[in-house]
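Below: one structure, written as structure tokens.
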Amino acid sequence: MPTSKLKVVESAGAPAGDGRPQPEAGYKVFNRIVDWITHERIELLNITDRINEIVRKSGIKDGVVHLQSLHTTTAVFINEWQDALLHDVRSFLTQAVSREHPWRHNDPEYSDCERSNADSHLRGMLMGQTLCLQVRNATVLLGTWQSIIYAEFDGPRNRTLAVQVSGV
Amino acid sequence: MPTSKLKVVESAGAPAGDGRPQPEAGYKVFNRIVDWITHERIELLNITDRINEIVRKSGIKDGVVHLQSLHTTTAVFINEWQDALLHDVRSFLTQAVSREHPWRHNDPEYSDCERSNADSHLRGMLMGQTLCLQVRNATVLLGTWQSIIYAEFDGPRNRTLAVQVSGV
Amino acid sequence: MPTSKLKVVESAGAPAGDGRPQPEAGYKVFNRIVDWITHERIELLNITDRINEIVRKSGIKDGVVHLQSLHTTTAVFINEWQDALLHDVRSFLTQAVSREHPWRHNDPEYSDCERSNADSHLRGMLMGQTLCLQVRNATVLLGTWQSIIYAEFDGPRNRTLAVQVSGV
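Chains as they are written, first to last, in this note's numbering: chain A, 1 to 168; chain B, 1 to 168; chain C, 1 to 168.
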């Protein structure tokens, strides 16, 4: 494997113009709860604008925004928001975890869950229910093609996302 | 894809009653190391109560708790703690990464590892060895069905988890 | 499943010798951007030393270092840095997400992307573009066999990683 050239550059978004760490300018924690209703069993939502709105309201310039979905059959992750690719994301996750496999969670002999949603649990576990992103210059740091995606794997349901912005 | 209705509500767990960010009330970092012995090659442990105990001891009310397992053949993630589903989690991970595949890590011609545990490494990598959760009202924020699960993929072993609570 | 014995020990890396939380000693955020050029379509880079160098420069002793790759067709994760195992990681990810599947993102009828890189997007999504690790004693906390790996899934390209160290 070839060695890549690594270069460190000063960040324009550092707390001060010179990029050096700044002593404490008032550490803050800003908590919000966001909720919505989903309409399909598997559904992908672009929540980037909503998260940026909360970051702006927090008044925090440098730090992180932490997202945590409060449901095991959901996930939060990053990808490009393009219709064709979203179709592929759904196909891939449907293939990667079979709905028809004889999961014990769906079998009344072993489980009292009536939703037959083992596949939803396994998809949520695989993709993860938390996401932490940097806040720089009072906005969520994202690459050109990165969107924040909330995934419903067992809808339609009411869903809740905890958002926490912390930093200075 | 239908547009979902998004609603932002004030969080009861915000630093002050009015939910607005509070200036610095003493940022703290509270570090602990937790360890235990596992008994099976693939084993799932519910560590939710232990993490909550550490969060309570930290005295931190708002912030995050960060979990980091110090071993590549383990993982930390969230799921419902139900016997039938835990059986499915083990089945799924066993299927998703084959133990019998001719992995180079298990081949003495390429590797000096004597544990034949390529599958354990790949499962650990897929599920991740870190998890960051919000702390609100001096407890770990978790949905009704969310438990924190530590996964052993190459036991029995002694295992170590680094826990860090930070915030105000 | 046998119950494992859990033991909490005092952390040598706690802010003070007695391991109790310390009031505010100057919360800081230290931002850097690291970039490099990759040379192959799928390439794994060991970035552990570079991250430790940034953590040392930050002057932060206790806290976290957050890594965020700004590209959807990349990932950041932990694994052992061993040639045989890295070969297995590439094999596993190549198997887990097929390049040849008729993905819509690669189909001009549905997509204007000319890179035919649906597999790269799905690999990046599966492994994740963010990683948060603890900082203790002014170094990145890592187990004996843990290295920080940056994965290129659609090279050769110029790539950018945002690094943020925060804490006291």
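In this text, a Cβ means the ideal position worked out from N, Cα and C, and glycines have one as well. Just so we're clear, the structure is a prediction, and the values are computed from it rather than from any experiment.
| Query | Result |
| --- | --- |
| Buried or exposed: which applies to residue 154(A), given that a residue is buried once 16 or more other Cβ atoms fall within 10 Å of its Cβ? | buried |
| Is there a Cβ from chain A that is less than 9 angstroms from the Cβ of residue 116(C)? | no |
| One question on the structure: do residue 29(B) and residue 164(B) come within less than 9 angstroms of each other, judged by their Cβ atoms? | yes |
| Apart from the five residues on each side of it in sequence, which residues of its chain come closer than 7 angstroms, Cβ to Cβ, to residue 113(A)? | 105 |
| Ends of the alpha helix (DSSP H) at residue 53(C)? | 48–58 |
| Can you pull out the residues from the stretch 124–137 of chain C whose beta carbon lies closer than 8 angstroms to at least one beta carbon of chain A? | 124, 125, 126, 128, 129, 130 and 132 |
| Let me check one thing: in DSSP terms, what residues is residue 66(A) bridge-paired to? | 132(A) and 164(A) |
| With 8 angstroms as the limit, tell me which residues of the stretch 59–83 of chain C have their beta carbon closer than that to any beta carbon of chain A; keep them in chain order. | 59, 60, 66, 68, 69, 70, 71 and 72 |
| Have a look at residue 119(C) and residue 74(C) and give me their C-alpha separation to the nearest angstrom. | 11 angstroms |
| Whose Cβ in chain C lies nearer than 7 angstroms to the Cβ of residue 104(B)? | 84, 87 and 88 |
| Around the Cβ of residue 43(A), are there at least 16 other Cβ atoms within 10 angstroms (buried) or fewer (exposed)? | buried |
| Out of 65(A), 107(A), 93(A) and 161(A), point me to the one whose CA is closest to residue 36(A)'s CA. | 161(A) |
| Do you know whose CA, among 88(B), 51(B) and 66(B), lies nearest residue 102(A)'s CA? | 88(B) |
| Would you mind sorting residue 21(A) into buried or exposed? The rule is 16 or more other CB atoms within 10 Å of its CB. | The pLDDT assigned to residue 21(A) is 49, lower than 50, so where the model puts this residue is not dependable, and the model offers no usable value. |
| According to DSSP, is residue 32(A) helix, strand or coil? | strand |
| Could you name the residues of the stretch 138–150 of chain C whose beta carbon sits closer than 7 angstroms to any beta carbon of chain B, in the order they occur along the chain? | 141, 143, 145 and 146 |
| Helix, strand or coil for residue 141(C)? Go by DSSP, reduced to three states. | coil |
| Under the rule that 16 or more other beta-carbon atoms within 10 Å means buried, what is residue 173(B), buried or exposed? | There is simply no residue 173(B) to check, as chain B begins at 1 and stops at 168 in what is shown. |
| Is any beta-carbon of chain A found at less than 9 angstroms from that of residue 91(C)? | no |
| Can you check whether the CB of residue 131(A) is closer than 9 angstroms to the CB of residue 130(C)? | yes |
| So for residue 77(C), helix, strand or coil by DSSP? | strand |
| With 9 angstroms set as the bound, which would you pick, yes or no: does the beta-carbon of residue 55(A) sit closer than that to a beta-carbon of chain B? | no |
| On the criterion of 16 or more Cβ atoms from any shown chain inside 10 Å, does residue 95(A) qualify as buried, or is it exposed? | exposed |
| Does the Cβ-Cβ distance between residue 84(A) and residue 124(A) come in under 9 angstroms? | no |
| For residue 147(B), report the span of its beta strand (DSSP E) as first-last. | 147–152 |
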